[in-house]
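Enquirer:
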Amino acid sequence: ALSMHSSKKNRGLAFVTMGSEEEALSALKNLNLSTVNDRTIKVDFAKPKKKQPAVPSAPVEKNVVFVGNLTWRVRSRHLRELFASTPGVQSVEVIFHTTTPRRSAGYAFVSFSSKEEAEAAISTFNGKVHYLKCCMSNIKRCCSLLFKL
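With full-length UniProt numbering applied, the sequence shown has no gaps in its numbers, which climb one by one up to 149 at the end.
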């Protein structure tokens, strides 16, 4: 199966199901780091998906803050940096478009240890414009992110 961004552009990866373990090992041995259409390919066994945690039987109280109006370049690590001085941050999750997976949907959720810490973060950041300079190692260039929380 070929993994595609859209119907016109592939993501540069594919999954192949082999008939046996021996065939898979042979393909790995003979094809890894070979050249196809002037590109070096990497062949490896697929990694299993991370297991989703079981749904708790009792409702868990969450102190989650919605962060909106983000530029599509913002990643979780950028928000972790922004909220670094804010006590009680437990997790940061930027939400991504399903149709364009490398672009954020423009919002995120930040979880805090307590309701008081979440409210303190809201009063610190709500309605203010924030400038965050970040370097994206995969692009090897810096970008400036300007957004309002």
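No residue lacks a Cβ here, since even glycine has one placed at the ideal position from N, Cα and C. Note that the structure is a prediction, hence the values are computed from the model and not measured.
Whole angstroms are fine: how far does the CA of Val92 sit from the CA of Ala84?
Expert: Using only the alpha carbons, I get a separation of about 11 Å.
Enquirer: Output needed for Val64: all residues of its chain with C-beta closer than 8 Å, excluding positions within five of it in sequence on either side, in chain order.
Expert: Phe109, Val110, Ser111, Phe112, Ala118
Enquirer: For Tyr107, which of Ile95, Arg77, Leu82 has the nearest alpha-carbon?
Expert: Ile95
Enquirer: Which residues bound the beta strand (DSSP E) around Ile122?
Expert: From DSSP, Ile122 is part of no beta strand (DSSP E) but of the alpha helix (DSSP H) over 115-125.
Enquirer: Alpha carbon to alpha carbon, how far is Asp38 from Met18?
Expert: Cα to Cα, the separation comes out at about 24 Å.
Enquirer: What distance in whole Å lies between the Cβ atoms of Ser26 and Trp72, which are believed to be in contact at a cut-off of 8 Å?
Expert: That belief does not hold up - the Cβ atoms of Trp72 and Ser26 are roughly 43 Å apart, past 8 Å.
Enquirer: Between Thr35 and the rest of its own chain, which residues show a CB-CB distance below 8 Å, the 5 nearest in sequence each way excluded?
Expert: Ile41
Enquirer: Thinking just about the alpha-carbon of each residue, which of Leu33, Ala46, Gly12 is nearest to the one in Ala24?
Expert: Ala46
Enquirer: What residue ranges within the segment 20-84 form continuous alpha helix (DSSP H) runs of no fewer than 4 residues, ordered along the chain?
Expert: Counting only runs of 4 or more residues that sit fully inside the segment 20-84, the alpha helix (DSSP H) segments are 21-31, 76-82, in chain order.
Enquirer: Tell me whether Val16 sits in a helix, a strand or coil according to DSSP, three-state version.
Expert: coil
Enquirer: Would you identify the three-state DSSP class for Gly106, choosing helix, strand or coil?
Expert: strand
Enquirer: What number of angstroms, rounded off, separates the C-alpha of Asn32 from the C-alpha of Arg102?
Expert: The C-alpha of Asn32 lies about 27 Å from the C-alpha of Arg102.
Enquirer: Identify, in the order they occur along the chain, each residue of the same chain with its Cβ nearer than 8 Å to the Cβ of Asp44, setting aside the five sequence neighbours on each side.
Expert: Leu28, Asn32
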